[in-house]
Amino acid sequence: MHFLVKILFVLPLLASAHARRKDYGNDLHCPEDFHVGFVHNSYTYNAPVDKFTNITKSFYDVSWYGGAVVSKTTGTDNVPGATRAGNLDGYFLETLTAYSFGPSGLEYTVRGDPFTYALPNSTAVPVRFSGYVEALRIQGICSGRATYIDVITYVCSADKVTGYDWWYTAHEGVFPALAAKMGATVMAGDCPQETRCYKD
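Residues -19 to -1, 1 to 181 (mature numbering (1 follows the signal peptide of the UniProt record, and there is no 0)) are what the sequence shown spells out, left to right.
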């Protein structure tokens, strides 16, 4: 009976907490003139995961991402619902929708508001996005001796081909440059074998 009373007391509290919880979902609904698509980039480097996560773990500090400059933030850093706004050859406004960080790695997802990218010093037509969602995972592998990076971006773009090319090229510039900055080399193939010394 005592257990039943506890359950009856707790259930309304859980329902109330659920009702107050804000949804920071990642659903995108592309307008009629825009095309839905996704971009996937992945990288593997010979460096411990903390070398990467020490630089990338703050949602508010995104200077490592192609030199993006954040000029305004709201909420609490690394807590879903926080926002960051700034410039990366075009104004961006992003909301953090999920975040997980620990010794084995970092995962987070952001949802971006409409964004127009104008290629610097170019007469090309700017690339327009009605929205996007980007999920980043940086994970330790090979018993902590290497790092796997996985980026999936779901986009609504006015031009499907140009939109894909922009995100793919952006990632190809960002992550290899980040690895080079810390002296991490590309890991090709399987995890390197441990060197063991044996005495006769």
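Note that beta-carbon positions come from the ideal geometry of N, C-alpha and C, so glycine has one too. Note that the structure is a prediction, hence the values are computed from the model and not measured.
Kindly indicate the opening and closing residues of the beta strand (DSSP E) around residue i.
i    : result
F40  : First-last for F40: undefined, no H or E at that position.
E75  : Y72 to G83
F96  : F96 to Y98
D131 : A127 to S138
V114 : V108 to I122
T55  : V50 to T55
N68  : T64 to N68
Y24  : H16 to N27
Out of curiosity, what's the CA-to-CA distance linking residue i and residue j?
i    : j    : result
Y46  : L69  : 9 Å
N22  : Y149 : 7 Å
C137 : F15  : 6 Å
T166 : T143 : 30 Å
I122 : Y89  : 18 Å
R2   : L77  : Annotation note: pLDDT 41 at R2 (below 50); position unreliable, no value reported.
T64  : Q174 : 42 Å
P95  : V114 : 11 Å
Y80  : G86  : 11 Å
D146 : T57  : 33 Å
A158 : T97  : 24 Å
A127 : A105 : 39 Å
S44  : L117 : 16 Å
C172 : F82  : 23 Å
S52  : G62  : 17 Å
Does the distance from the C-beta atom of residue i to that of residue j stay below 8 Å?
i    : j    : result
F19  : I133 : yes
G170 : P29  : no
F156 : Y24  : yes
G48  : F73  : no
E75  : V50  : no
L9   : Y135 : yes
Taking the alpha-carbon of residue i as reference, which of the options has the nearest alpha-carbon?
i    : options                   : result
T54  : D171, P61 and A66         : A66
P84  : K38, V114, G144 and G71   : K38
D140 : L159, G112, T166 and Y129 : G112
N35  : M163, V167 and Y24        : M163
A161 : T97, Y135, V50 and K32    : K32
P12  : R109, L159, M168 and G48  : R109
A151 : T128, A99 and Y129        : A99
E153 : Y135, D131 and C172       : D131
G71  : F82, G62, P107 and P61    : P107
What are the boundary residues of the alpha helix (DSSP H) that includes residue i?
i    : result
G86  : Element bounds for G86: not the alpha helix (DSSP H) but the beta strand (DSSP E), G86 to G93.
H10  : Taken as a continuous stretch (DSSP letters only), H10 belongs to no alpha helix (DSSP H), as it is neither H nor E.
Y149 : K141 to K162
Which whole-angstrom value is the C-beta distance of residue i and residue j, which I expect to be below 8 Å?
i   : j    : result
N27 : M168 : 5 Å
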